[in-house]
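Numbering (the numbering used here), first residue to last: 367 to 842.
The beta carbon of each residue, even a glycine, is placed where N, CA and C say it ideally should be.
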Amino acid sequence: MSIHEECGVFGIVGNANPGIAREVYHGLYALQHRGQESCGIVVNDDGVFISHKDRGLVGEVFSENELSAMPGGRMAIGHVRYGTTGGGSRSNIQPMVVAHKKGNLALAHNGNLTNALELRDYLELSGAIFHSTSDTETICYMITRERLKTPSIEQAVLGAMRYFTGAYSLVMMSATKLIAVRDRKGFRPLCYGKRPDGSFAAASESCALDAVGASFVRDLLPGEMLVFSADDPGSEPVSYRMHCGGKISPCIFEYIYFARPDSLIDGISVHETRVRAGRILAREFPANADVVVGVPDSGLDAAIGYAAESGIPYEIGLVKNKYVGRSFIAPSEGERSDTVRIKLSPVRSVLAGKSVVLIDDSIVRGTTSRRIIDLIREAGAREIHLRVSAPPFRHPCYYGVDIDSEEHLIASRHSAEEIAELIGADSLGFLPMESLTEMSGCVSYCSACFDGEYPGGVPADPRKDRFERRLSEVTT
């Protein structure tokens, strides 16, 4: 099974702006935590789409020369993407640009369609030729197909949404419009804001709005499409809600791990959510310890909550090298192990001779946890009590988060006590499943990676089904 991706999308629209590429650059920089493999920007220069994209971090792909060379315009979109197993082809780098009879389309996508193979199979049998392995190209084809038989891009997107299942937060642009779309379940976040000059920005997280001086307006509703007009800059976006109204299932892992702590998602503070998780862990899994230490970065807020609830002092016991990417998203187990030692350094004066409560956001494969615990042991810690601000991962994710197949998930094969022994912890406590609502403030959410209940269905391979039907016909 291939590892799915988590990405960040950003778009801006307003009056003609000679530095619009730089504005998108700032937005993408704020979303860098969502994707570290590749990135791209497309500028709409009076209907002509100019793009630059490549592998690497935002600051590596877009030098001062690259930004200066890009034209000005009234609209631009951008995308950051992180590494996948078998999915790192240059053809998968976004935003994707499609030229068709009725104009151009540029599109950036966060999420995964669960029926992507079914739609791709249908399109290929209809004569479509694909250049990538990404379901984003499938989305582009479906919208283009609808556009050729509808009077507007809005109607084309709404028509294509009827066929999509799974997770998709989209920011796209035609010659004159910027469009933001969130799927019916609301798996992936998407919001928009307004700047003092009347321009608008749409982004995966509100922290990217802050980066370009936009005041947060609101999150898109699950199933909602917002249309911003470049021909009428400053006018309020038009909202289309015919796909709204079903049961929503925002990803609970956004609050636990992916989102930046200074972001708001569906009106809920990510920082406060993580602090509550730490408080819950302190009540459910107390420890007789000297110090509470968080694993940077997404374990720090929960560590503050654990310390506040337990009365055990909070200390900075691990220092992060901020120039190394997230170990969670390294493509191979060997790379994950090597990255941990480069990325984290223990503060020996805090850890030596101490009983430590170590707070982390998750245990996926166990490799990273083992290396961190080894580092703390080497620094002289007497005991290490690991507390995890997420329930155990037991199932893969099909909606755009890098949660591996069950055979690689340590919690799908071992109890908490066994995991503690395998990774070298003196004790281990996971956030209880029944505490997710208290932690997040959400009453409806997707927790399929913990409980195996998939609100958006799971993918099926239509090629396999068709082959098996043909085989059955031949043998009978």
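The C-alpha of Ile-670 lies about 7 Å from the C-alpha of Tyr-680. Taken in chain order, the complete beta strand (DSSP E) segments of 3 residues or longer contained in the stretch 610–677 are 657–660.
Beta-bridge analysis with DSSP links Asp-740 to no other residue. Between Val-661 and Ile-738, the C-beta gap is smaller than 8 Å, which places the two residues in contact.
Boundaries around Glu-749 are those of the beta strand (DSSP E), 749–754, since no alpha helix (DSSP H) includes it. Leaving aside the five residues that flank Cys-573 on each side, the residues in its chain whose CB is nearer than 7 Å to its CB run, in chain order, Ala-396, Arg-626, Asp-628 and Ser-629.
Counting C-beta atoms within 10 angstroms of its own C-beta, Tyr-689 has fewer than 16 neighbours from the protein chains shown and is therefore classed as exposed. Three or more Cβ pairs closer than 8 Å define a contact, and the stretch 519–532 meets that threshold against the stretch 600–611.
Assigned with DSSP and collapsed to three states, Ala-442 falls in strand.
A residue is called buried when at least 16 other Cβ atoms come within 10 angstroms of its Cβ; Gly-406 meets this threshold and is buried. Excluding five sequence positions before and after Val-641, the CB atoms of its chain that fall closer than 8 Å to its own CB belong to Asp-667, Ala-668, Ile-670, Gly-671 and Ala-674, given in chain order. Judged by their CB atoms, Arg-548 and Glu-520 are not nearer to each other than the 8 Å cut-off.
The C-beta separation of Arg-456 from Glu-403 comes to about 11 Å, leaving the pair out of contact by the 8 Å criterion. When secondary structure is reduced to three states using DSSP, Ser-581 falls in the strand class.
Of Val-409, Leu-491 and Glu-430, the smallest CA-CA separation from Leu-473 is found for Val-409. Classified as exposed, Ser-771 has fewer than 16 neighbouring CB atoms from the shown chains inside 10 Å of its CB.
Nearest neighbour of Ile-634 by Cα position, chosen from Ile-646, Glu-620 and Gly-644, turns out to be Glu-620.
The straight-line gap separating the alpha-carbon atoms of Pro-437 and Asn-381 is approximately 14 Å.
Cβ neighbours of Glu-749 within its own chain (closer than 6 Å, five residues either side excluded): Ser-721 and Asp-792. Its chain contains Ala-567, Leu-575, Ala-580, Ser-581, Phe-582 and Val-583 as the residues whose beta carbon lies nearer than 6 Å to that of Gly-559, once the 5 sequence neighbours on both sides are disregarded; these appear in chain order. Asp-727 and His-392 have their C-alpha atoms some 27 Å from each other.
Relative to the Cα of Glu-503, the nearest Cα in the group Cys-373, Pro-517, His-475 and Ile-725 belongs to His-475. Cys-373: member of the beta strand (DSSP E) spanning 373–383, first to last residue. In the three-state scheme derived from DSSP, where H, G and I count as helix and E and B as strand, Leu-485 is classed as helix. Listed in chain order, the beta strand (DSSP E) elements of length 3 or more contained wholly in the stretch 391–420 are 404–411. Pairing Gly-532 with Tyr-765 gives a Cβ-Cβ distance under 8 Å. Contact between Ser-664 and Tyr-623 holds: their C-beta atoms lie close to 5 Å from each other, under 8 Å.
Taking a C-beta distance under 8 Å as the contact criterion, Thr-639 and Ser-595 do not qualify as a contact pair. Residues Phe-553 and Cys-812 of the same chain have their beta carbon placed closer than 6 Å to that of Cys-617, with the five preceding and five following residues left out of the count.
For Gly-807, the closest alpha carbon among the candidates Arg-550, Pro-555, Ser-711 and Ile-631 is that of Ile-631. For the set Arg-486, Arg-421 and Val-754, the Cα lying nearest the Cα of Leu-802 is the one of Val-754. Here Ala-574 carries a helix assignment [DSSP, helix/strand/coil]. Relative to the Cα of Val-730, the nearest Cα in the group Val-824, Asn-654, Thr-499 and Cys-815 belongs to Cys-815. Taking a contact as a CB-CB distance under 8 Å, the pair Gln-398 and Leu-433 does not count as one, their CB atoms being some 16 Å apart. Taking a 10 Å sphere around the C-beta of Asp-598, we find fewer than 16 other C-beta atoms and assign the residue as exposed.
Assignment of His-466 by DSSP, reduced to helix, strand and coil, places it in the strand class.
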